[in-house]
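What follows is a single structure, written as structure tokens, with notes after it.
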Amino acid sequence: MALTFLDLTSITVERAALLLVLTLSREDEQELKQILERNGRFKCAVTELGAKTSVFTEKIISAVIGASLNCQVISKTPQHIHALVHATHEAVQSLLPNPFLTGDLGVKVGIVRDSQWIAVAMFGESADHTMSNHKRVGLGVMHMLY
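In this text, residue positions in the sequence shown follow this note's numbering: the first is 46, and each later residue adds one.
Here is the structure:
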């Protein structure tokens, strides 16, 4: 039986972003990015952020916008920034459902865009103490406005 969820010819932006953040090495990440971008269907970026949860939401927007602009996933237009920020907010809300969570947070962020949609996936760990790590995942998707 074939693993159809790994069929990269018909993969969605959401699944592509999640696969990017789940790669285990920089080499795997680069290879997957090349495969996803090969036919011009997707534009991809990956970044990482570690911060206290109290400042995470402030820093994540800048990190995601910076990575997306540097990798030419988006253009510096209000429409592209708006869609990316909304997808990022949605991902953060699913990553941190409790706004009063304290401690440290370290995540890998995958950003994938096609002609109509942009997805932001986050995967990492949060902890109040080094002995209490919790794995976390978040996903946000937004329509690209033109």
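Ideal Cβ positions, reconstructed from N, Cα and C, are used throughout, including at glycine.
1. Return the chain-ordered ranges of every beta strand (DSSP E) run that is complete within the region 46 to 102 and spans a minimum of 3 residues.
2. How about LEU64 and GLY155: are their beta carbons less than 9 Å apart?
3. Kindly indicate which three-state DSSP category HIS174 falls into: helix, strand or coil?
4. To the nearest angstrom, how far is the alpha carbon of HIS125 from that of MET189?
5. Taking Cβ to Cβ, would you say LYS104 is nearer than 9 Å to LEU94?
6. How many angstroms separate the CA atom of ALA195 from the CA atom of GLN138?
7. Out of ARG83, LEU69, LYS88, state which residue places its alpha-carbon closest to the alpha-carbon of GLY169.
8. Could you tell me the alpha carbon to alpha carbon distance between ARG181 and MET167, rounded to whole angstroms?
9. Between ILE119 and the ligand NAD, is there a pair consisting of the residue's CB and a ligand heavy atom that are separated by less than 8 Å?
10. Cα separation between ASN84 and THR175?
11. Note the first and the last residue of the continuous alpha helix (DSSP H) segment covering LEU129.
12. For THR133, which residues in the same chain have their Cβ closer than 7 Å to its Cβ, ignoring the five residues on either side in sequence?
13. Residues in the same chain with beta-carbon distance under 7 Å from ILE56, minus the five sequence neighbours each way, listed in chain order, please.
14. What residue range does the beta strand (DSSP E) around VAL157 cover?
15. Which of helix, strand or coil does DSSP assign to VAL118?
Quick look at the numbers:
1. 88 to 97
2. Between LEU64 and GLY155, the C-beta spacing is below 9 Å.
3. Here DSSP, grouped into helix, strand and coil, assigns HIS174 to coil.
4. 6 Å
5. yes
6. It is not possible to answer for residue 195, since the shown part of the chain is limited to 46 through 191.
7. LEU69
8. 8 Å
9. Among the ligands in the structure shown, none appear at all, so the ligand NAD cannot be discussed.
10. As the crow flies, the alpha-carbon of ASN84 is around 43 Å from that of THR175.
11. Segment 123 to 140, the alpha helix (DSSP H) holding LEU129.
12. ILE105, ILE106, VAL109, VAL165, GLY185
13. Correct list: empty, nothing qualifies.
14. 149 to 158
15. Here VAL118 sits in coil by DSSP.
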